[in-house]
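Position 119 of the sequence shown, counting from 1, maps to 119 under full-length UniProt numbering, and the rest follow consecutively.
In this text, a Cβ means the ideal position worked out from N, Cα and C, and glycines have one as well.
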Amino acid sequence: MVAPVPAASAAPAASSFARVSLLVYTLLIVYASWYPFSGWRDMGLGPFDYLGARLPYYWTGFDVWTNVAGYAPLGALLVLAMYPRLRPLWAIWPATAVGVLLSACMEAVQTWLPTRVPSNLDLITNSAGVFLGAMLGALSSRYFLRESRFLAMRRRWFSGEASRGLAVAGLWPLALIYPQNHLFGLGHLVPPLSSFFSDLFDTPIDLATTWINNAQLSAEQYWLADVIVTACGLTGAALLFLMLLRRQAPRRRLVLLYLLACIAVKSLACALFFAPQNAFVWVSPSAAGGIMLGAMMVAGLSFAPPTAQRRVAALALILSLAATNAVPANPYYISTLETWVQGKFLNFDGAAQFLSVLWPFLAIWFLYHPVHRKQK
Numbered sequence: 001m002v003a004p005v006p007a008a009s010a011a012p013a014a015s016s017f018a019r020v021s022l023l024v025y026t027l028l029i030v031y032a033s034w035y036p037f038s039g040w041r042d043m044g045l046g047p048f049d050y051l052g053a054r055l056p057y058y059w060t061g062f063d064v065w066t067n068v069a070g071y072a073p074l075g076a077l078l079v080l081a082m083y084p085r086l087r088p089l090w091a092i093w094p095a096t097a098v099g100v101l102l103s104a105c106m107e108a109v110q111t112w113l114p115t116r117v118p119s120n121l122d123l124i125t126n127s128a129g130v131f132l133g134a135m136l137g138a139l140s141s142r143y144f145l146r147e148s149r150f151l152a153m154r155r156r157w158f159s160g161e162a163s164r165g166l167a168v169a170g171l172w173p174l175a176l177i178y179p180q181n182h183l184f185g186l187g188h189l190v191p192p193l194s195s196f197f198s199d200l201f202d203t204p205i206d207l208a209t210t211w212i213n214n215a216q217l218s219a220e221q222y223w224l225a226d227v228i229v230t231a232c233g234l235t236g237a238a239l240l241f242l243m244l245l246r247r248q249a250p251r252r253r254l255v256l257l258y259l260l261a262c263i264a265v266k267s268l269a270c271a272l273f274f275a276p277q278n279a280f281v282w283v284s285p286s287a288a289g290g291i292m293l294g295a296m297m298v299a300g301l302s303f304a305p306p307t308a309q310r311r312v313a314a315l316a317l318i319l320s321l322a323a324t325n326a327v328p329a330n331p332y333y334i335s336t337l338e339t340w341v342q343g344k345f346l347n348f349d350g351a352a353q354f355l356s357v358l359w360p361f362l363a364i365w366f367l368y369h370p371v372h373r374k375q376k
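If you want it as structure tokens, here you go:
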């Protein structure tokens, strides 16, 4: 029996998806602005001295557009997140003010980071991005808020408690942007923790050497580990997305579209991060085998009840997380990474790495969230 789609509430409701997305995107901005979080020291300058400084002499159009594009989603999400307390058109200026204050604070803290330079030009371009994003958010709000077609489709295809899950599922393709030892091997804690403890104790610390005790795997073992991690990562993410869908939705087609979109983002990121000829460098026999195995698991589990899908998804992500941190880095992967030519998108390295580490934990948190105990 098909569960009825809940009727639209007479009172306007806040968008949980917009608010969760706003929180995550703000954390990404903070991480990207203060990366690499090391070398803090007093330069003898005030945190807001940059406001009265002359505009930088050297700048590029790429720097301007990336700053605008980086803060535009923040402005749009602020407008959508303020609804229904503020109508979209009325929320433009408060959203812009919040975005400008956030950017000003991000630049001010960079005063104590020797690897970063606070810039009034960055503040201007970031502020312009927030304002443009807020304008776009207000103009497009009818497609996402109130009784829009998008909202009607969301109610028809997705469960009533899917907002948090949609935010988590939407972050998966972005988490895949950062290069990994395995295709879907997110949550690699060893490198960032090694850097953190090295800075904390002011001495080189390699946790990988301590953790794996200089273990060396054969080519067959590396291949098997890659297949397992890829299959488990795909299974966990695909099942998480699948359990958000109602029975009457075109579930298999939507999951397939979701996976194809993730692969497209991964390929585009490889081309932009490094070089166009490396767009499909992630394709390997073990990755293809992991994708095939994961796809078969998802196809079979698509007939399982939601409770079973949730538990298998959590177990798959935990297994992928454990294997990713236990298996030593593949020498082939390291040598390939060293030959890639990194481009201008290296500026987003910190935020991309942060999201790649965070996503499995965010997904597991959602899968064990109390909302799943409610009757659907």
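Per DSSP, which one or two residues make a beta bridge with residue i?
| i | result |
| --- | --- |
| Leu245 | Phe158 |
How is residue i classed by DSSP in three states: helix, strand or coil?
| i | result |
| --- | --- |
| Val100 | helix |
| Leu186 | coil |
| residue 378 | The structure shown does not extend to residue 378, since the chain spans only 1 to 376, so no value can be given for it. |
| Ser9 | Any reading at Ser9 needs caution, since the residue's pLDDT is 46, under 50, leaving its predicted position unreliable; the model's value is listed next. The answer is coil: DSSP assigns Ser9 none of H, G, I, E or B. |
| Pro305 | coil |
| Pro88 | coil |
| His369 | coil |
| Phe37 | coil |
| Arg116 | coil |
| Pro94 | helix |
| Lys344 | With a pLDDT of only 45 at Lys344, under the threshold of 50, the placement of this residue in the model should not be trusted, and no figure is reported. |
| Trp65 | helix |
| Met43 | coil |
| Ser15 | coil |
| Arg54 | coil |
| Trp359 | helix |
| Leu145 | coil |
| Thr339 | Its pLDDT being 49, under 50, Thr339 is placed unreliably by the model, and nothing is read from it. |
| Pro179 | coil |
| Thr60 | coil |
| Ser21 | helix |
| Val283 | coil |
| Tyr71 | helix |
| Pro276 | helix |
To which residues of the same chain is residue i closer than 6 Å at the C-beta, ignoring the five residues directly before and after it?
| i | result |
| --- | --- |
| Ala168 | In the sequence on display, residue 168 carries Val and not Ala. So the list reads Leu362, Ala363, Phe366, once near-sequence residues are dropped. |
| residue 461 | The structure shown does not extend to residue 461, since the chain is modelled only from 1 through 376, so no value can be given for it. |
| Ala237 | Trp172 |
| Leu28 | Ala351 |
| Phe17 | Ser163, Leu166, Ala167 |
| Pro47 | Ala108, Thr111 |
| Pro306 | Met243 |
| Ala138 | Val79, Pro88, Leu89, Ile92 |
| Val20 | Arg164, Ala167 |
Quick one: residues in its chain with C-beta nearer than 7 Å to the C-beta of residue i, no 5 flanking neighbours on either side, listed in chain order?
| i | result |
| --- | --- |
| Asn67 | Asp122, Thr125, Asn126, Gly129 |
| Pro118 | Tyr50, Glu107, Ala108, Gln110, Thr111 |
| Cys262 | Trp172, Pro173, Leu176 |
| Tyr368 | Ala314 |
Within its chain, find whatever has a CB closer than 8 Å to the CB of residue i; leave out the 5 residues flanking it on each side and keep chain order.
| i | result |
| --- | --- |
| Ile205 | Ser194, Phe197, Ser198 |
| Ser103 | Tyr71, Asp122, Leu123, Asn126, Ser127, Val130 |
| Ile291 | Leu183, Thr230, Ala231, Leu234 |
| Asn325 | Gly187, His188, Leu189, Val190, Trp211 |
| Pro73 | Tyr25, Gly133 |
| residue 378 | Because the chain spans 1 through 376 in this model, residue 378 falls outside it and cannot be assessed. |
| Ala299 | Arg252 |
Of the residues the options, which one's Cα is nearest the Cα of residue i?
| i | options | result |
| --- | --- | --- |
| residue 401 | Met106, Leu23, Leu174 | With the chain covering 1 to 376 only, the question about residue 401 has no answer from this structure. |
| Cys105 | Asn120, Pro73, Leu176 | Asn120 |
| Asn181 | Thr203, Thr230, Leu239 | Thr230 |
| Phe354 | Arg154, Pro73, Val24 | Val24 |
| Asp42 | Pro250, Ala18, Thr115, Trp93 | Thr115 |
| Tyr258 | Leu55, Ala97, Leu317, Gly170 | Gly170 |
| Val327 | Ala288, Leu86, Gln277, Glu220 | Glu220 |
| Ala279 | Ala287, Val265, Pro56 | Val265 |
| Met82 | Tyr31, Val255, Ala14 | Ala14 |
| Pro179 | Leu113, Pro94, Trp282, Leu319 | Trp282 |
| Leu293 | Ala316, Pro276, Trp90, Gln216 | Ala316 |
| Leu224 | Met153, Ser302, Ala288 | Ala288 |
| Leu260 | Ile228, Trp93, Phe62, Ala295 | Ala295 |
| Arg156 | Gly99, Ala249, Leu217, Ala69 | Ala249 |
| Val30 | Gly99, Gln277, Arg154, Ser286 | Gly99 |
| Trp40 | Arg19, Leu200, Phe62 | Leu200 |
| Ala95 | Leu256, Met135, Gly61 | Met135 |
| Pro360 | Arg311, Gly185, Gly52 | Gly185 |
| Ala322 | Ile228, Arg54, Ser267, Leu239 | Ile228 |
| Trp34 | Thr60, Leu113, Gly61 | Leu113 |
| Leu256 | Cys270, Phe241, Leu86 | Phe241 |
task: Output the residue ranges of the alpha helix (DSSP H) runs that lie fully inside the region 192-240 and measure 4 residues or longer, sorted by chain position.
output: Runs of the alpha helix (DSSP H) inside the region 192-240: 207-212.
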